[in-house]
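Trainee: I am attaching a structure below and will ask some questions about it afterwards.
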Amino acid sequence: MVLCLDGSLVSVPATLPPNTTVLFITNSQVRELAAHSFNGLPTLWRLQLNGNKIKSIDPETFTPLPYLLSLKLSANQLTWLPRGVFDSLAQLEQLFLNKNDLYCLPPGIFGSMVHLTELDLSSNHFSAFDEGIFANLSRLRVLNLGRNQLKSLPANTFKTLRNLVELKLHSNLIQSLPPELFHCMPHLVNLTLSKNRLEELPPQTFFHLVNLTQLTIFENPLRELPPMLFGNMPHMKEFFLSSTDLPTIPAHVFNNMSGLEQLYITLNKRLTVLPKESFRGLSQLKNLKLHTNSLETLEEQLLAPLVNLQTLILHDNQLHSLPSNILQGLSQLTTIDLSNNMLPSLPKELLDSATALQDVHVFDCDRNGWEEGAVHHEFNLILWPVKSVF
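The structure is reproduced here in structure tokens:
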């Protein structure tokens, strides 16, 4: 291993040991990579060039490195890449181009990388990709396109990526998704779509992602969800539906997430009502967060399917009443937070129906209109006049 950590270095050293297998040139003043930069390093398999000031790369720079497996060019100043620059890297498995100033890629730039398993293009300025840009990357497992300026994706963008496990599309400007965009990803485990500009999702968008365990779609201006949105997702453990413009959600929308343990439906200022069938099928759910919405009441049978629920967070809504049996059957529930609502009182029979309940949080009692002593009960009832995000 050779480490070149001299911050004043302006070019690749010319006298590197010929048996070098790992080379780090980081946080230096190197501005360009010439055609001869890596001559005489036939056994090099890992090259890390992150944190420099590289603006240009000669098309022949990597030709002497046929056995290179990992190439990191992160955090440089690249605005473009020459056609054919990676053609000699047929064995490459990892390529990191994140944190540059790239706007576009030449056609076929990844054409020879049939062994590539990880590609990071995040934190650039891409607004679009050619439909076949990833066509030859059938072994790809991790693809990061987050933090760009993507507005749309062609329907066949990911068609050949059947081995993809992780796909990051967060923090873009995506306004719409083709219905079939994710239909050829049977092994996908992690999909991030948060912080985009999606106002709607096509029916069956996530219908073929049977191995998905994490999906994020928060911070999108979603106005409506189709009833048939999620297919069979038995491995999904955690789901965030936050910071949207949804006024409600479809009944049964989470039915196919039978293994879900954490559900966050929060910070949706227009969300006023939840259908009574909203949580059908979620018998494994342990934590339900519904805080900072505009809910005015809850349907009587809304929580009935949640037989393993332990924590229920409802603070910062507009709740003015609750059915007296809303907690009935929730034998595992230990904590409920009703802070900062409009409830005039807390009925004793409501608390009695949750046999394992230990903590009842009702911070900011001025907002709730309660007085000390409004509830007399053996629970740990917290009535401090302060605001808290629990």
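So the sequence shown is numbered by this note's numbering: it starts at 2 and just counts up by one.
Yeah, the Cβ is synthetic: ideal placement off N, Cα and C, and Gly gets one too.
#1: Kindly list the residues whose CB is nearer than 8 Å to the CB of residue 11, restricted to its own chain and excluding five residues on each side of it in sequence; keep chain order.
#2: By Cβ distance, which residues of its chain are closer than 6 Å to residue 356, with the 5 residues on each side in sequence left out?
#3: Ignore the nearest five residues each way along the sequence and tell me which others in residue 57's own chain have a CB closer than 7 Å to its CB.
#4: In whole angstroms, what is the alpha-carbon distance linking residue 43 and residue 69?
#5: Please name the residue in 299, 225, 341 and 320 whose C-alpha comes closest to that of residue 327.
#6: Give me the DSSP bridge partner(s) of residue 47.
#7: What did DSSP end up calling residue 238 once you bin it into helix, strand or coil?
#8: Express the C-alpha separation of residue 150 and residue 339 in angstroms, rounding to a whole number.
#9: Does DSSP put residue 353 in a helix, in a strand, or in coil?
#10: I think residue 228 touches residue 253, with their Cβ atoms under 8 Å apart; what is that distance to the nearest whole Å?
#11: For residue 162 versus residue 203, is the C-beta spacing smaller than 8 Å?
#12: Is residue 359 helix, strand or coil when you go by DSSP?
#13: Check this for me: beta carbons of residue 288 and residue 267, under 8 Å apart or not?
#14: Quick one: is residue 317 buried, meaning 16 or more other Cβ sit within 10 Å of its Cβ, or exposed?
#15: According to DSSP, is residue 5 part of a helix, a strand, or is it coil?
#16: What three-state label does DSSP hand residue 283 in the structure shown?
#17: Excluding the 5 residues flanking residue 256 on each side, which residues of the same chain have their C-beta closer than 6 Å to its C-beta?
#18: Alpha carbons only, please: which of 306, 24, 352 and 243 is nearest the one belonging to residue 323?
#19: Specify the secondary structure class of residue 265 as computed by DSSP and reduced to three states.
#20: Could you compute how far the alpha carbon of residue 97 sits from the alpha carbon of residue 134?
#21: Could you check whether residue 306 and residue 284 sit closer than 8 Å to each other, using their CB atoms as the reference points?
#22: For the beta strand (DSSP E) that contains residue 314, what are its first and last residues?
#23: What's the gap between the Cα of residue 230 and the Cα of residue 48?
#24: Following the continuous beta strand (DSSP E) through residue 97, name the residue where it begins and the one where it ends.
#25: Check residue 100 in the structure and name its three-state DSSP category.
#26: Does DSSP classify residue 270 as helix, strand or coil?
#27: For residue 4, is the classification buried or exposed, using 16 other Cβ atoms within 10 angstroms of its Cβ as the cut-off for buried?
#28: Residue 60 by DSSP, collapsed to three states: which one?
#29: Can you tell which of 130, 348, 336 and 354 has the C-alpha that lies nearest to the C-alpha of residue 360?
#30: So, under 8 Å CB-CB, residue 262 and residue 290 are touching, yes? Tell me the CB distance rounded to an integer number of Å.
#31: For residue 196, which of helix, strand or coil comes out of DSSP?
#32: From the DSSP output, which residues share a beta bridge with residue 16?
#33: Let me know if residue 220 comes out buried or exposed under the rule of 16 or more other beta-carbons within 10 Å of its beta-carbon.
#34: So what does DSSP say about residue 344, is it helix, strand or coil?
#35: So if DSSP puts residue 250 in a beta bridge, which residue, or which two residues, is it bridged to?
#36: Using the C-alpha atoms, what's the distance from residue 113 back to residue 61?
Mentor: If we stick to the structure as given:
#1: 29, 30, 31 and 32
#2: 332
#3: 33
#4: 9 Å
#5: 299
#6: 23 and 71
#7: DSSP places residue 238 in coil when its eight states are reduced to three.
#8: 40 Å
#9: helix
#10: 7 Å
#11: no
#12: coil
#13: Here residue 288 is not near residue 267, since their CB atoms are 8 Å or more apart.
#14: Looking at its Cβ environment, which holds 16 or more other Cβ atoms inside 10 Å, residue 317 is buried.
#15: strand
#16: coil
#17: Leaving aside the five residues that flank residue 256 on each side, the residues in its chain whose CB is nearer than 6 Å to its CB run, in chain order, 281 and 282.
#18: 352
#19: strand
#20: 16 Å
#21: Between residue 284 and residue 306, the C-beta spacing is below 8 Å.
#22: 312-314
#23: If you take the alpha carbons of residue 230 and residue 48, they lie about 43 Å apart.
#24: 95-97
#25: coil
#26: coil
#27: The residue is exposed, with fewer than 16 neighbouring Cβ atoms inside 10 Å.
#28: Here residue 60 sits in coil by DSSP.
#29: 336
#30: With a Cβ gap of about 12 Å, residue 262 and residue 290 do not count as contacting.
#31: coil
#32: The secondary-structure analysis by DSSP pairs residue 16 with nothing; it has no beta-bridge partner.
#33: buried
#34: coil
#35: Partner(s): none; residue 250 has no beta bridge.
#36: 15 Å
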